[in-house]
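>
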Ligand SMILES: Cc1cc2nc3c(=O)[nH]c(=O)nc-3n(C[C@H](O)[C@H](O)[C@H](O)COP(=O)(O)OP(=O)(O)OC[C@H]3O[C@@H](n4cnc5c(N)ncnc54)[C@H](O)[C@@H]3O)c2cc1C
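Numbering (this note's numbering), first residue to last: 88 to 466.
1) Am I right that residue 215 and residue 188 are in contact with their C-beta atoms under 8 Å? What's the rounded C-beta distance?
2) Just to confirm before moving on: does the CB-CB distance between residue 396 and residue 431 stay below 8 Å?
3) Whole-angstrom Cβ separation of residue 172 and residue 160, contact assumed at under 8 Å?
4) Whole angstroms is fine: what's the gap from residue 441's alpha carbon to residue 394's?
5) Residues bridged to residue 151 by DSSP?
6) Closer than 7 Å to a non-hydrogen atom of ligand 1 - does that hold for the CB of residue 223?
7) Rounded C-beta distance between residue 183 and residue 268? I'm assuming under 8 Å.
8) What three-state label does DSSP hand residue 435 in the structure shown?
9) Measure the beta-carbon distance from residue 179 to residue 248 and round it to whole angstroms, keeping in mind my assumption that it falls under 8 Å.
10) Do you know whose CA, among 282, 262, 286, 261, lies nearest residue 273's CA?
11) For residue 228, count the other beta carbons within 10 Å of its own beta carbon; 16 or more makes it buried, fewer makes it exposed. Which is it?
12) Looking at the structure shown, is residue 352 part of a helix, part of a strand, or coil, going by DSSP?
13) At a cut-off of 7 Å, would you count residue 284 as near ligand 1, judging by its Cβ distance to the nearest heavy atom?
14) Taking the beta strand (DSSP E) that residue 181 belongs to, which residues open and close that run?
15) Does any heavy atom of ligand 1 sit closer than 7 Å to the C-beta of residue 361?
16) Around the Cβ of residue 322, are there at least 16 other Cβ atoms within 10 angstroms (buried) or fewer (exposed)?
17) Hey, how far is the Cα of residue 236 from the Cα of residue 207?
18) Below 6 Å CB to CB, which residues in the same chain sit around residue 145 once its five sequence neighbours on both sides are set aside?
19) Kindly examine ligand 1 and report whether one of its heavy atoms sits closer than 7 Å to the Cβ of residue 232.
20) From the DSSP output, which residues share a beta bridge with residue 172?
21) According to the Cβ coordinates, are residue 162 and residue 290 closer than 8 Å?
22) Count the other CB atoms within 10 Å of the CB of residue 428; is the residue buried (16 or more) or exposed (fewer)?
23) Could you say which of 221, 218, 222, 210 lies nearest to residue 230 if we only look at CA atoms?
24) Give a single yes or no on whether residue 211 has its beta carbon closer than 7 Å to a heavy atom of ligand 1.
25) Rounded to the nearest angstrom, what separates residue 147 and residue 446 at their Cα positions?
26) Along the alpha helix (DSSP H) that carries residue 311, what are the first and last residues, could you check?
27) Pop quiz: residue 276 and residue 246 are said to be a contact at Cβ under 8 Å. What is the actual Cβ separation, rounded to whole angstroms?
28) Mind checking which residues open and close the beta strand (DSSP E) that includes residue 423?
29) Spell out the partners DSSP gives residue 281 in its beta bridges.
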């Protein structure tokens, strides 16, 4: 979700502000179809997602690797090894991946390329490994789980590098690292759009009964989200007074991870299934350079006490190609609905410190019920 009040004000000024909004509101018919609700990107009429407990395929759980002070990219020298950490990306790791991994690989600038070990085969491990290969390194990935079984494969997949840190504790140095990583990652993804890597542009609608308020990190990256605007009552089919609209990329994690693994092998990479119980085992590896991309695993392996899980649950419904937009909010908490080529998913839970792995039936029911209400008069 993005909120940029300054631009909103500018937009309203350009349009002639409240008078025009009031005129449009009065004229708009109460239907979600037809030209009344213009869509600047899709240009198709809205289709209502079909949401029902009877259509639930399954519910899944993942643990976002969350650090209030933000993700870690830094070097550490231990027993003659150069270790580069690249972990702790909370709810934005898919989005930040290429940028954060570029920062990690930059830590090796000036070193002649040789053998490197990458720990982890989630999105951070795979993007770090690919960037290392492009820089001339011979890379072995060591991982407890294959990519399909990582948190990265559970991610919903909106390009949105938010829910990554606690604004009240981050440092200015972290914020510039965050902005750099976001911009580089965004640039990299725009070069991967299309079915091959599972990256598609899509409209996102965020619902609220209150006018949208400015948000520091969202303002920082506002220019990365085309077509954004704020719509008032009568200008949109959603069941709240206000809606924020923008276009961003939808990244389908299963497609992306499979394709990156393929690219890694094509570039001569080796893949070893191995779980590291303690740091000594990492220090005994033959490679002099190690990239630590173990996500939440870094809490135990490298003793990071700030790293904590943010449990998220997703509910999967059958795919529906007619639904071509994402939506946020509209109910209790920050629930979201995403259409992907494999499923329509509902999500939005963020339970800090919760390591439990079970999907909670009451959460499944809550999401289905809330979205049924949200879309009951839609389409
Ligand atoms: C429900 C949900 C929705 C999300 N939605 C989005 C979204 O829309 N957009 C977005 O940008 N992000 C989203 N995220 C966040 C994103 O999934 C994470 O930030 C990202 O996956 C972290 O990637 P990673 O590679 O660091 O960690 P992981 O994917 O967890 O990979 C860690 C790797 O390290 C390995 N490992 C760990 N410990 C060890 C060990 N001791 N020995 C050997 N190997 C080890 C694991 O096997 C794994 O291969 C979501 C997350 C969840 C749970």
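Just so it is clear, CB atoms sit at the ideal spot from N, CA and C, and this is done for glycine as well.
The answer reads as follows:
1) For the purposes of this step, residue 215 is identified with residue 128 of the chain shown, where counting begins at 1. For the purposes of this step, residue 188 is identified with residue 101 of the chain shown, where counting begins at 1. That pair is a contact at about 4 Å.
2) By 1-based counting over the chain shown, the position of residue 396 is 309. By 1-based counting over the chain shown, the position of residue 431 is 344. It is not a contact, given that the beta carbons lie outside the stated cut-off.
3) Within the chain shown, numbered from 1, the residue matching residue 172 stands at position 85. Within the chain shown, numbered from 1, the residue matching residue 160 stands at position 73. At roughly 7 Å, the Cβ-Cβ gap stays under 8 Å, so residue 172 and residue 160 are in contact.
4) Along the chain shown, one-based indexing puts residue 441 at 354. Along the chain shown, one-based indexing puts residue 394 at 307. Distance between the alpha carbons of residue 441 and residue 394: 12 Å.
5) Within the chain shown, residue 151 is the residue found at index 64, counting from 1. In the DSSP output, where bridge partners are listed per residue, residue 151 has 397.
6) Position 136 of the chain shown, counted from the start, is the residue given in the question as residue 223. No.
7) Sequence index remark: in the chain shown, residue 183 carries index 96 (1-based). Sequence index remark: in the chain shown, residue 268 carries index 181 (1-based). Contact holds; Cβ gap of about 5 Å.
8) On the chain shown, position 348 is the one that residue 435 refers to. Residue 435: coil per DSSP, three-state reduction.
9) Here residue 179 refers to the residue found at position 92 of the chain shown. Here residue 248 refers to the residue found at position 161 of the chain shown. That belief holds up - the Cβ atoms of residue 179 and residue 248 are roughly 4 Å apart, short of 8 Å.
10) The residue you call residue 273 lines up with position 186 of the chain shown. The candidate whose alpha carbon is nearest that of residue 273 is 286.
11) Position 141 of the chain shown, counted from the first residue, corresponds to residue 228. Per the 10 Å Cβ criterion, buried.
12) Within the chain shown, residue 352 is the residue found at index 265, counting from 1. Three-state result, residue 352: helix.
13) Within the chain shown, numbered from 1, the residue matching residue 284 stands at position 197. Checking every heavy atom of ligand 1 against the Cβ of residue 284, none is found closer than 7 Å.
14) Translated into positions along the chain shown, residue 181 becomes position 94. Unbroken run through residue 181 is the alpha helix (DSSP H), 180–193; no beta strand (DSSP E).
15) Taking the first residue of the chain shown as 1, we reach residue 361 at position 274. True, at least one ligand heavy atom lies under 7 Å from that Cβ.
16) Your numbering for residue 322 matches position 235 in the chain shown. With 16 or more other Cβ atoms within 10 Å, it is buried.
17) As a position in the chain shown, residue 236 is number 149, starting the count at 1. As a position in the chain shown, residue 207 is number 120, starting the count at 1. Cα to Cα, the separation comes out at about 11 Å.
18) By 1-based counting over the chain shown, the position of residue 145 is 58. If we look at residue 145 and ignore the five residues flanking it on each side, its Cβ neighbours are 403.
19) As a first step, residue 232 must be located in the chain shown, where it is residue number 145. Residue 232: yes, Cβ under 7 Å from ligand 1.
20) As a working note, residue 172 is residue 85 in the chain shown. Note: residue 172 sits in a beta bridge opposite 161, 379.
21) Along the chain shown, one-based indexing puts residue 162 at 75. Along the chain shown, one-based indexing puts residue 290 at 203. No. Outside cutoff.
22) Within the chain shown, the letter at position 341 stands for residue 428. So residue 428 counts as exposed.
23) As a working mapping, residue 230 is identified with position 143 in the chain shown. Nearest of 221, 218, 222, 210 to residue 230, Cα basis: 210.
24) By one-based count along the chain shown, residue 211 stands at place 124. Yes, the beta carbon of residue 211 sits closer than 7 Å to at least one heavy atom of ligand 1.
25) Translated into positions along the chain shown, residue 147 becomes position 60. Translated into positions along the chain shown, residue 446 becomes position 359. Taking the straight line joining both Cα atoms gives about 6 Å.
26) Taking the chain shown and counting its residues from 1, one reaches residue 311 at position 224. No alpha helix (DSSP H) holds residue 311; DSSP gives it neither H nor E.
27) Counting from one through the chain shown, the residue named residue 276 turns up at place 189. Counting from one through the chain shown, the residue named residue 246 turns up at place 159. About 6 Å; that satisfies the 8 Å criterion.
28) Your numbering for residue 423 matches position 336 in the chain shown. Run containing residue 423: 423–426, per the beta strand (DSSP E) assignment.
29) Numbered from its first residue, the chain shown carries residue 281 at position 194. 286.
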